[in-house]
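Under mature numbering (1 follows the signal peptide of the UniProt record, and there is no 0), read the sequence shown as residues -30 to -1, 1 to 161, first letter to last.
Even glycine gets a Cβ: it sits at the ideal position worked out from N, Cα and C.
Bear in mind the structure is a predicted one, so any value in this text is a computation, not a measurement.
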Amino acid sequence: MITKKTIGAVVLATGTIAAGIAIPASTAAAAPRAPIAAVSVTAAKLQPWPVLRQGKNADWPLVTVRSLQYLLVQHGAKIPVSGVFGVRTKAAVIKFQKAHHLTADGVVGSKTWNALIVTVKLGSKGPAVRAVQDQANFRNGKNGHSLNVDGIFGKKTDTWVRGFQKAEGFKVDGVVGKNTWQALVTESLSF
């Protein structure tokens, strides 16, 4: 579920279009001047929240179920974080849904995800931070970079989150709020 983003071209005062092509300064300086056009930036549309339920969730990697489990633990559930949506995870989901006046069916859809979200940022600690770090490692697995999944939102986690937000076209603030969570959990970009 990789979404491609289109970053609009910027028409420069020289009348050239920045498209990753280097133009010699002498050529650019000799070009006639044109008005500066508006910058067009189109960010990736967020994918819908995953719908998770007990049993196999083949459309989603184990890290998605682990994120759910970390968030449930953040809210007080006593369950293992294994990536397997079993009986204990379903029971924790139902308990959470009841406590938040949601349909208590054990199925995690958009309303449950939105209620589970915990905003984390530099200095935050806990299972929700572990979920962010786990998601980062899932994306970085191919290039050998990894974060300690220690639940401490330090400088390395902050740097990774800011890079992810930039790649997603979000406001780069290092704060993992609703949009950043949704992009992380839906695997909208392999960063």
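Checklist entry - Buried or exposed: Pro18, going by 16 or more other Cβ atoms within 10 Å of its Cβ? => result Exposed.
Checklist entry - Going by DSSP, which residues form a beta bridge with residue 163? => result Summary: the structure shown does not reach residue 163, with the chain confined to residues -30 through 161, and so no result is reported for it.
Next on the checklist: Between the alpha carbons of Val21 and Thr59, how many angstroms are there, rounded?
Outcome noted: Taking the straight line joining both Cα atoms gives about 14 Å.
Checklist entry - Residue range of the alpha helix (DSSP H) that Phe134 falls in? => result Run containing Phe134: Lys125 to Glu138, per the alpha helix (DSSP H) assignment.
Checklist entry - Under the rule that 16 or more other beta-carbon atoms within 10 Å means buried, what is Ser37, buried or exposed? => result Result: buried.
Checklist entry - If you drop the 5 nearest sequence neighbours on each side, which residues of the same chain put their C-beta closer than 8 Å to that of Leu41? => result Here Leu41 has Leu86, Ile87, Val88, Pro97, Ala98 and Ala101 as same chain residues with Cβ atoms under 8 Å from its own Cβ, once five neighbours each way along the sequence are excluded.
Checklist entry - So Asn84 is in the alpha helix (DSSP H); what residue range does that whole segment cover? => result Counting along the chain, the alpha helix (DSSP H) containing Asn84 begins and ends at Ser80 to Leu86.
Next on the checklist: Please state whether the Cβ-Cβ distance between Gln24 and Gly56 is less than 8 Å.
Outcome noted: In this structure, Gln24 places its C-beta atom within 8 Å of the C-beta atom of Gly56.
Next on the checklist: Among Asp75, Gly53, Gln39 and Ile49, whose alpha-carbon lies nearest the alpha-carbon of Ala28?
Outcome noted: The shortest C-alpha separation from Ala28 is found at Gly53.
Next on the checklist: Just to confirm before moving on: does the CB-CB distance between Lys95 and Gly121 stay below 8 Å?
Outcome noted: In terms of Cβ geometry, Lys95 and Gly121 form a close pair [threshold 8 Å].
Item to check | Assigned exposure category for Ala69 - 16 Cβ within 10 Å defines buried | outcome: Classification of Ala69: exposed, given that the 10 Å Cβ count is below 16.
Item to check | Beta-bridge partners of Phe108, as assigned by DSSP | outcome: Answer by DSSP bridge pairing: none, since Phe108 is not bridged.
Checklist entry - Excluding five sequence neighbours on each side, which residues of the same chain lie with their C-beta closer than 7 Å to the C-beta of Ser116? => result Same-chain partners within the cutoff: Asn107 and Asn110.
Checklist entry - Exposed or buried, Ala75, counting other C-beta atoms within 10 Å across all chains shown (16 or more means buried)? => result A quick correction: the sequence has Asp, not Ala, at residue 75. With fewer than 16 other Cβ atoms within 10 Å, it is exposed.
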